[in-house]
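S.K.:
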Amino acid sequence: MPSLRTGDQNLIKEINKSIVFHMIKRKSPISRAQISKKTGLNKATVSTMVSELMEESFVYEIGTGQSSGGRKPVLLEFNHRAGFSIGIDLGVNYLLVLLTDLKNNIVEKIYKKLDTTEINFVLKEIYSSIELLIKKAPKSPYGIIGIGVGVPGYVDENEKLLFAPNLKWKDVDLKKKIEHRFHLPTTIINEANAGAHGEHLYGAGKNISNLVYVSVGIGIGTGIIINNQLFKGFTGLSGEMGHFTIDFNGTECSCGNRGCWELYASEHALLKAASQHKILEKNLVDPLEFLFDEAQKGNTEVLKILNSLGKYLGIGITNIINTLDPEVIIIGNHISKFKNWIIKPIENILQERVSIYRKSSPKISFSLLDNDSIALGANAFAISHFFLDKKLNHQMNSIYS
Ligand SMILES: [Zn+2]
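In structure tokens form, the structure reads like this:
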């Protein structure tokens, strides 16, 4: 059956080419002989694969390396500027849009405060930001290869945004809208899942197999990594822990439940408490920045509110520990700038409430990617899909390491 054999050979070739590609991506500068030694592939196969990858502009040769006696070897480098990608973090009150190369290095960044969540206004802001970054992208063989968008809401298995409680959006097919307008493959992912992916690849979750990323913005979402894989649940809606109940008599939440965690421990809760205590001055451009400055000045009212916010965060984190027993919990999004004031109350609550029969409590970390983890994580999916399309993604787990 020749057709079957051909199929097998193609698959083996694809796998070998992926292996060579990822070795160059991770270990470059590297010589053909080193690739052969490290992968166990014979030199002729490595040479053929490298030639193909050079023709496709993914790899190029740079100077020569150290000789171990004979001729100096030519070194190979991954061409991370063979194309560029656009990563978007759509927040409830902001929009962050990044242009990156294929290694997810940031080339350009647009940050906008959003005064309204009205859909047509927000879409216009997204479109104009994408247009601007497409114009600004350096010339490259593949141009813009795709777009990844992190959104604050439920995303189903077809990447449709079903419901975003804090944006008050329902059934928005953002993927279709962006693809239709720009003719670029687009990936839509829940913001906390995107953040978890971003931190796992490049930030506080690097080399950690089991972690929970807690995105504390206007609401709270969580992204769960189990055994190095993003856990999305049966219908793609896992991680909505911002809506687990911490006060069964609590106030109503936009999700339909009462007393949800995010009502007590989010950026929204912080701003609400600050305005109830009449701390916020009127017409502030950035109330969070104002509170940060006040905390630094030692404003006792602000410190009290942050202490209480930290305690509430600790309550929810205790629930996460009891449910998933992760190695690390990463707190990300805007609240992480207050880490100096919220870490102690969080740790105190964990000490009081996490069972003493657990050998250890997980490490509580803060995002290492500033506010970029969601956009970088969403973007990583776009880049990953591009390589999959180019049949260079047989080693999904190691692709960005
Ligand atoms: Zn809720």
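Every position in the sequence shown, counted from 1, becomes a number in my numbering once 2 is added. From the three backbone atoms N, C-alpha and C, an ideal C-beta is built for every residue, glycine too. Computed from a predicted model, the values in this text were never measured in an experiment.
#1: For residue 47 and residue 392, I'd like the C-alpha separation in whole angstroms.
#2: Starting from the C-beta of residue 103, find all residues in its chain whose C-beta is less than 7 Å away, skip the five residues before and the five after it, and write them out in chain order.
#3: For the 8 Å Cβ check, are there 3 or more pairs between the region 151 to 158 and the region 212 to 229?
#4: Report the rounded CA-to-CA distance for residue 204 versus residue 181, giving the unit in angstroms.
#5: Going by beta-carbon coordinates alone, are residue 346 and residue 294 separated by less than 7 Å?
#6: May I have all residues whose beta carbon comes closer than 5 Å to any heavy atom of ligand 1, sorted in chain order?
#7: CA-CA distance, residue 147 and residue 101?
#8: Find the nearest neighbour of residue 341 within the set 192, 66 and 370, judged by alpha-carbon distance.
#9: Three-state secondary structure (DSSP) at residue 118?
#10: Exposed or buried, what is residue 359 when buried is set at 16 or more other beta-carbons lying within 10 Å of its beta-carbon?
#11: Under the DSSP definition of a beta bridge, which residues are partnered with residue 98?
#12: According to DSSP, is residue 400 part of a helix, a strand, or is it coil?
#13: Run through the DSSP bridge pairs and tell me what residue 149 is partnered with.
#14: How would you label residue 34, buried or exposed, when you count the other beta carbons within 10 angstroms and need 16 or more for buried?
#15: Between 237, 198, 301 and 337, which has its C-alpha nearest residue 264's C-alpha?
#16: Taking only the alpha-carbon atoms, compute the straight-line gap between residue 365 and residue 348 and give it to the nearest angstrom.
#17: Is the distance from the Cβ of residue 377 to the Cβ of residue 89 below 7 Å?
#18: Residue 245 and residue 406 - do their beta-carbons sit closer together than 7 Å?
#19: Just to confirm before moving on: does the CB-CB distance between residue 61 and residue 32 stay below 7 Å?
#20: State whether the region 127 to 135 contacts the region 162 to 169, with contact taken as three or more CB pairs (one from each stretch) at a distance under 8 Å.
#21: Taking C-beta to C-beta, are residue 381 and residue 106 nearer than 7 Å?
M.R.: On the basis of the coordinates in this document:
#1: 19 Å
#2: 82, 83, 86 and 109
#3: yes
#4: 27 Å
#5: no
#6: 245, 255, 257, 259 and 262
#7: 11 Å
#8: 370
#9: coil
#10: exposed
#11: 91 and 113
#12: With a pLDDT of 43 at residue 400, under the threshold of 50, the modelled position of this residue cannot be trusted, and the question is left open.
#13: 88 and 188
#14: buried
#15: 337
#16: 11 Å
#17: yes
#18: Residue 406 lies beyond the stretch modelled for the chain, which goes from 3 to 403, so this question has no answer here.
#19: no
#20: no
#21: yes
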